[in-house]
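K.L.:
Every letter in the sequence shown is one number past the one before it in the UniProt record's numbering, and letter 217, counting from 1, is 217. Note that beta-carbon positions come from the ideal geometry of N, C-alpha and C, so glycine has one too. Submitted below is the structure of interest, expressed as structure tokens.
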Amino acid sequence: MLMTTVATLARRATAGPAQGFAVWSAAWLAGSAGTDDVLTALAEWAPVQSVVDGDLPDLLAEVRALDPHDVRLLLPAPGDARGLPAGTDLEDAAMARGELVLFDGANATIALVPTPEAGDVMRWQAFEHVPPLVDPDPVALGAAEHSLRDAVREAPSALASLPPAPDASADPRRLVMELTRYLGAHRLPRGASERAHRVLDSAGMVEAILLVAGAENPYAGLTLASAQGGDAAYRDLWRTVRAARVAAVNAVCREELRTAF
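Here is the structure:
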């Protein structure tokens, strides 16, 4: 029962397949990982990978032909569509899913948006945008880690305010511990720095607390939080988690691509 709840909450997490595709495709482009490594990493989210109008090897071939100088994770959220071209199908798909991978070439950007389907299938929808997109507000990994330190101190109050669990199996503290472990289990390429690992681990812990708080109180961050005057703090914690995860993943991607030159 506990692990079923953990898996259900993890589907709402920012540690999604776009993160896996970003870091492992960057390693693949750099020559430090093979196609099988990419597929194995993506299988952590779904055993079958599907692509609209093609298959994954064809998609990877298109990405390589683009000769991208940058691979980026983007985690858009309601009220935060920065980096997405307004009024496009790409924006609609990315906002609906909340995650995507961007491959920036000299003349265009290829964007990939994952969508879970029935039967443990993950479908990837590809978009090409000309001219290439740019990161409007990149967050340095050091700044992200600094912001997370404050978030780690503040987030437990969200859990402490929850009503007592009706039984031991629903203990929110135990659920946070297991969800944190689950979110931190996704593998990174061998070249990922210790700081990137540390930031992702901290982001996962804060996110686990927020996910459990939201599950126990479905209106957290909305009606309940507004009534308690905590809506802004709740949103800020989510914004910090998204920024930290993006900064860490993109730092891993940059380091992988740097080894290719």
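What residues match up with valine 101 in a beta bridge as DSSP calls it?
P.N.:
In the DSSP output, where bridge partners are listed per residue, valine 101 has Leu73, Leu112.
K.L.:
By a C-beta neighbour count over all protein chains shown, 10 Å radius and 16 as the cutoff for buried, is arginine 242 buried or exposed?
P.N.:
Buried.
K.L.:
So within the segment 172-259, which uninterrupted alpha helix (DSSP H) runs reach at least 4 residues, ignoring any that extend past its ends?
P.N.:
Whole alpha helix (DSSP H) segments, 4+ residues: 172-183, 194-216, 223-228, 231-258.
K.L.:
Using 8 angstroms as the Cβ pair cut-off and three pairs as the minimum, do the segment 39-46 and the segment 14-25 touch?
P.N.:
Judged by Cβ distances under 8 angstroms, the segment 39-46 makes contact with the segment 14-25, as three or more pairs qualify.
K.L.:
According to DSSP, is aspartate 80 helix, strand or coil?
P.N.:
The answer is strand: DSSP assigns aspartate 80 an E or B state.
K.L.:
Between the Cα of arginine 72 and those of Val52, Val48, Glu99, Ser50, spot the shortest distance and give me the residue it belongs to.
P.N.:
Cα-wise, what sits closest to arginine 72 is Glu99.
K.L.:
Is alanine 247 closer than 8 angstroms to valine 139 when the C-beta atoms are compared?
P.N.:
Against a cut-off of 8 angstroms, the Cβ pair of alanine 247 and valine 139 comes out as a contact.
K.L.:
Using only CA atoms, which one of Glu256, Ala155, Val199, Pro189 lies nearest to alanine 208?
P.N.:
The option with the nearest alpha carbon to alanine 208 is Ala155.
K.L.:
How big is the Cα-Cα spacing for proline 172 and histidine 69?
P.N.:
Those two C-alpha atoms are separated by around 43 angstroms.
K.L.:
Quick one: any contact between the segment 123-132 and the segment 102-109, if contact means 3 or more CB pairs under 8 angstroms?
P.N.:
As far as the Cβ criterion goes, the segment 123-132 touches the segment 102-109, which means the pair count is three or higher.
K.L.:
Determine the contact status of leucine 148 and threonine 240, defining contact as a CB-CB distance below 8 angstroms.
P.N.:
Yes, Cβ-Cβ distance for leucine 148 and threonine 240 is below 8 angstroms.
K.L.:
Going by C-alpha to C-alpha distance, which of Asp55, Glu255, Leu210, Leu59 sits closest to leucine 237?
P.N.:
When only C-alpha atoms are compared, the closest one is Leu210.
K.L.:
Using alpha carbons as the reference points, say which of Arg12, Gln49, Val252 lies closest to aspartate 120.
P.N.:
Comparing Cα positions, the closest option is Gln49.
K.L.:
Could you tell me the boundaries of the beta strand (DSSP E) in which serine 50 lies?
P.N.:
Where serine 50 is concerned, the enclosing beta strand (DSSP E) stretches over 48-51.
K.L.:
Specify, as a first and last residue, the run of the beta strand (DSSP E) that arginine 123 falls within.
P.N.:
121-129 is the span of the beta strand (DSSP E), which, as asked, contains arginine 123.
K.L.:
Cutting at 6 angstroms between CB atoms, please list the residues of its own chain near valine 51, excluding the five before and the five after it.
P.N.:
Excluding residues within five positions, the ones whose Cβ falls inside 6 angstroms are Leu59, Trp124.
K.L.:
Report all residues from its chain with a CB closer than 6 angstroms to the CB of arginine 254; omit the five preceding and five following residues, and keep chain order.
P.N.:
Correct list: empty, nothing qualifies.
K.L.:
Relative to the C-alpha of leucine 175, which residue among Ala151, Thr115, Val206 is closest?
P.N.:
The shortest C-alpha separation from leucine 175 is found at Val206.
K.L.:
In angstroms, rounded to a whole number, what distance separates the CA positions of leucine 2 and alanine 192?
P.N.:
Using only the alpha carbons, I get a separation of about 31 angstroms.
K.L.:
Just to confirm before moving on: does the CB-CB distance between proline 189 and alanine 15 stay below 8 angstroms?
P.N.:
No. Outside cutoff.
K.L.:
With DSSP as the reference, label glycine 87 as helix, strand or coil.
P.N.:
Three-state DSSP puts glycine 87 in coil, outside helix and strand.
K.L.:
Have a look at Asp104, Val134, Val101, Arg97 and flag the residue whose alpha-carbon is nearest the alpha-carbon of proline 116.
P.N.:
Cα-wise, what sits closest to proline 116 is Arg97.
K.L.:
How about valine 101 and alanine 18: do their beta carbons lie closer than 8 angstroms?
P.N.:
For valine 101 and alanine 18, yes; Cβs fall inside 8 angstroms.
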